[in-house]
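Heads up, the sequence shown is in the working numbering, so the first residue is 18 and it goes up one at a time. Just so you know, even glycine gets a beta-carbon here, dropped at the ideal spot from N, CA and C. Written out below as structure tokens is the structure these notes cover.
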Amino acid sequence: MSLYDEHQLTDLDKKALETLGDKVVLKSLASQATLTGLPRFVSEYLIAKYVKPETWKADIANVQAKIKALLPSLEDREQMQAKLLRTGEILFIDSIDVDIDLKKRLALGRTTVLNDKIIVSNSLLEQYPGLMGGMWGTAKIRYSPESDKNFPSSLESFTPFQVGPPDVEAHKAMRLKFTSDEWLALMFQSAGYNPEKFPDRRTKLLLISRLLPLVERNINLMELGPRQTGKTFLLRNVSPRSFVISGGKATPANLFVNLSTKQVGILGTRKVVIFDEIAHTTFNDESMISVMKDYMESGQFSRGSLTFATDAGLVFSGNIDVEGNQPHSRYNNLLEPLPKELIDSAFHDRMHIYLPGWEIPKITPTSIASGVGFVTDYFGEVLCRMREDSFADTVRTVPLQPGLTKRDQTAIERTGSGLIKLLYPDGKILDTELKEVVTLACEYRQRVHNQLCKIAPGEFKPKLIAPEGVTGYEAPDLGK
18 MSLYDEHQLT DLDKKALETL GDKVVLKSLA SQATLTGLPR FVSEYLIAKY VKPETWKADI
78 ANVQAKIKAL LPSLEDREQM QAKLLRTGEI LFIDSIDVDI DLKKRLALGR TTVLNDKIIV
138 SNSLLEQYPG LMGGMWGTAK IRYSPESDKN FPSSLESFTP FQVGPPDVEA HKAMRLKFTS
198 DEWLALMFQS AGYNPEKFPD RRTKLLLISR LLPLVERNIN LMELGPRQTG KTFLLRNVSP
258 RSFVISGGKA TPANLFVNLS TKQVGILGTR KVVIFDEIAH TTFNDESMIS VMKDYMESGQ
318 FSRGSLTFAT DAGLVFSGNI DVEGNQPHSR YNNLLEPLPK ELIDSAFHDR MHIYLPGWEI
378 PKITPTSIAS GVGFVTDYFG EVLCRMREDS FADTVRTVPL QPGLTKRDQT AIERTGSGLI
438 KLLYPDGKIL DTELKEVVTL ACEYRQRVHN QLCKIAPGEF KPKLIAPEGV TGYEAPDLGK
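In structure tokens form, the structure reads like this:
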């Protein structure tokens, strides 16, 4: 029995399969075929590549068997190292992350299986440039201490489990083949959500907005909401270019640059850095918030005599108590759940988006996508590639209310540009659609400004951040 005989397809599913081919996958199959220990973007790549509709059950069994045989657990690490020492070679599945050491004139890879760094040849690095930033795949490691006593292990061969650079122009051209509602539903399913369980357009737009830091450069986003709403799940699983700091210590060395080794931190190696459980994240170094504020403003950070520029977005995610689908009335302002070091007007004036996570329903098993969507690895990579584009000029064509600051305008332009990339990647957008996009971007910045008025009333006064002709917002929290 064919795969599609057992998994009911909607008209949109059929259209996506016919139009997009191997760039899409049936999400219900990806969720049923548990490939334990692998991120979603890797699992979906393997299913899209190796599972055929006519032989899908046998194909999945084969993939699962390969994963079981080659994916070592942390408990297996010592055994794998012993095997490498004994036989001189091991084959396994893992993520390989490569850094360039200019002093040693070497490309050195890291893997969870080995405690030591491994040498990566220039030829492999040229073939798979994605290794600089991390790639999943099947790796063959050779142990030859006679070649290099300091780095006796080397990457002999590598078969990636991730797509190569996608054709962004071809992706944009796909947009014309779908209506606006169809494309939003397709993006929604690609992000892992079931559009039928979120029938309200606003909720879909709020959820899709979680992808903005991935598709637009240097976006600073905050989302506070109730538990179990999947605040970081999407970015964590859609792209290996995201990095999550979860409720621990954030240090200048791991975030910016290690002054001892001169190694750039995660801001320089990832496209999105997510501070999850932000209420429990500590910033022990007093200078760190100052450096972060400079970065949020300029896209540059300095430590010692070193200055770096990067385009990574920052996401601050955490919980907030709610009454119904609104923040609890006990809060004097909607920044109270944050660490006290972050309740700072200069810090929040650099925030582009305050996403109202309290409006997003809790994620349940039926909330998860079951239809056809872009293969997650392709989806995440094409979004990252669209960072090179900008629709800020398009956003500027919409007249705004007077009295906005430069930071207000920057926030609206970046957010609006990102929303256009997600919803209208070919840039073909009607005036009514553009106004919807810009109004939503303004709303996100309005929410930031309202909190600034509460924590620094002497400096920030109430004002309307909106397109001309918009007199207010329906969101209840903005009426307070």
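> Excluding the five sequence neighbours on either side, which residues of its own chain have a C-beta within less than 7 angstroms of the C-beta of LYS134, listed in chain order?
Replying inline: Taken in chain order, the residues that qualify are LEU125, GLY126, ARG127 and PHE168.
Is SER334 closer than 8 angstroms to ASP293 when the C-beta atoms are compared?
Yes, the Cβ-Cβ distance between ASP293 and SER334 is below 8 angstroms.
* Asked: What span of residues does the beta strand (DSSP E) with LYS157 cover, start to end?
  -> From DSSP, the beta strand (DSSP E) with LYS157 extends over 152-160.
Are the Cβ atoms of ILE306 and PHE300 separated by less than 8 angstroms?
-> Yes; because the gap between Cβ atoms is below 8 angstroms, this pair is in contact.
Could you tell me the alpha carbon to alpha carbon distance between LEU172 and ASP328, rounded to whole angstroms?
C-alpha separation (whole angstroms): 30 angstroms.
Starting from THR220 and walking both ways along the alpha helix (DSSP H), at which residues does that stretch end? 218-225 is the span of the alpha helix (DSSP H), which, as asked, contains THR220.
Where does MET191 fall in DSSP's three states?
Note: MET191 maps to helix in three-state DSSP.
(Q) Only counting the same chain, and skipping five residues up and downstream in sequence, which positions put a Cβ closer than 7 angstroms to that of GLY285? (A) Once the five neighbours on either side are set aside, the close Cβ partners of GLY285 are PHE325 and THR327.
I think ILE236 touches THR432, with their Cβ atoms under 8 angstroms apart; what is that distance to the nearest whole Å?
Between THR432 and ILE236 the Cβ distance is about 7 angstroms, and since that is below 8 angstroms, they are a contact.
Checklist entry - Mind pulling the alpha helix (DSSP H) runs of 4 or more residues that sit fully within the stretch 270-335? => result DSSP runs (the alpha helix (DSSP H)) wholly in the stretch 270-335: 303-315.
Q. Does DSSP put MET97 in a helix, in a strand, or in coil?
A. DSSP, read as helix, strand or coil, puts MET97 in helix.
Q. Just the Cα atoms here: how many angstroms apart are GLU5 and GLU233?
A. As displayed, the chain neither begins before 18 nor continues past 497, which places residue 5 out of reach and without an answer.
Please check the pair ARG14 and ARG367, which I expect to be a contact at CB under 8 angstroms, by giving their CB distance rounded to whole angstroms. In the structure as shown, the chain starts at 18 and stops at 497, and residue 14 therefore has no counterpart that could be examined.
Report task. Look at the Cβ atom of LYS40, then the Cβ atom of GLY388, and state whether they are nearer than 8 angstroms. Result -> At a Cβ-Cβ threshold of 8 angstroms, LYS40 and GLY388 do not count as neighbours.
Quiz item: Residues bridged to TYR210 by DSSP?
Solution: TYR210 is bridged to ILE385.
TODO: Assign SER346 to one of two classes, buried (16 or more other C-beta atoms within 10 Å of its C-beta) or exposed (fewer than that).
DONE: By the neighbour-count rule (16 or more Cβ atoms within 10 Å), SER346 is not buried but exposed.
From ASP12 to SER362, what does the alpha carbon distance come to, in whole angstroms? For the chain, the structure presents residues 18 to 497; residue 12 sits outside this window and is missing.
Item checked: Inter-residue spacing [alpha-carbon to alpha-carbon] between ALA202 and VAL332 -> Using only the alpha carbons, I get a separation of about 24 angstroms.
Open item on the list: Does LYS497 pass the burial test, meaning 16 or more other C-beta atoms within 10 Å, or should it be called exposed?
Closed with: For LYS497, the predicted structure reports a pLDDT of 49, less than 50, and the residue's modelled location is therefore unreliable. The matter cannot be settled from this model.
Identify which residue in GLY264, GLU35, ASN336 and LYS279 has its Cα closest to the Cα of ALA270. Out of GLY264, GLU35, ASN336 and LYS279, LYS279 has the C-alpha closest to the C-alpha of ALA270.
On the criterion of 16 or more Cβ atoms from any shown chain inside 10 Å, does LEU179 qualify as buried, or is it exposed? Checking the sequence, you will find Gln at residue 179 rather than Leu. Under this definition GLN179 is a buried residue.
Query raised in the report: Counting only runs that start and end within the stretch 112-157, where is the beta strand (DSSP E) found for 3 or more residues in a row?
Result: Whole beta strand (DSSP E) segments, 3+ residues: 123-127.
Backbone CA spacing between LEU119 and LEU276 [nearest angstrom]:
A direct Cα-to-Cα measurement between LEU119 and LEU276 gives close to 15 angstroms.
Practice problem: Could you tell me if TYR67 is buried or exposed, where buried requires 16 or more neighbouring beta carbons within 10 angstroms of its beta carbon? | Solution: Counting Cβ neighbours within 10 Å, TYR67 comes out exposed, since fewer than 16 surround it.
Identify every run of the alpha helix (DSSP H) within the stretch 431-482, keeping only runs that are complete inside it and at least 4 residues long; order them along the chain. 448-472, all fully within the stretch 431-482.
With distance defined between alpha-carbon atoms, name the residue in MET403, VAL185 and TYR461 nearest to ILE370. Minimum Cα distance to ILE370 is reached at TYR461.
*asked:* Which runs of the alpha helix (DSSP H) at least 4 residues long sit entirely within the stretch 35-71? Give them in chain order.
replied: Whole alpha helix (DSSP H) segments, 4+ residues: 44-49 and 57-67.
* To do: Could you spell out the range, first to last residue, of the alpha helix (DSSP H) harbouring TYR490?
  => Per DSSP, TYR490 lies in no alpha helix (DSSP H) and is assigned neither H nor E.
query: Does the Cβ of LYS69 have 16 or more other Cβ atoms within 10 Å, making it buried, or fewer, making it exposed?
result: Around the CB of LYS69, fewer than 16 other CB atoms lie within 10 Å, so the residue is classed as exposed.
- Query: Which residue or residues does DSSP assign as beta-bridge partners of PHE260?
  - Reply: VAL290.
Cβ-Cβ distance between LEU495 and ASN467 below 8 angstroms: Taking a C-beta distance under 8 angstroms as the contact criterion, LEU495 and ASN467 qualify as a contact pair.
Requested in this report: Just mark GLY489 as buried or exposed, buried being the case when its beta carbon has 16 or more other beta carbons within 10 Å.
Outcome: Classification for GLY489: exposed.
When we look at the beta-carbon of GLU71 and count the other beta-carbons within 10 Å, is it buried (16 or more) or exposed?
Classification for GLU71: exposed.
Sorted by chain position, which residues of the same chain lie with C-beta nearer than 6 angstroms to LYS214's C-beta, five sequence neighbours on each side aside?
Excluding sequence neighbours, LYS214 sits near THR383 and SER384.
* Asked: From what residue to what residue does the beta strand (DSSP E) around LEU238 run?
  -> Element bounds for LEU238: 237-242.
Exercise for the section: Counting only the same chain and skipping the five closest in sequence on each side, list residues whose C-beta sits under 7 angstroms from that of ASN211. Expected result: Around ASN211: THR383, SER384, ILE385, ALA386 and SER387.
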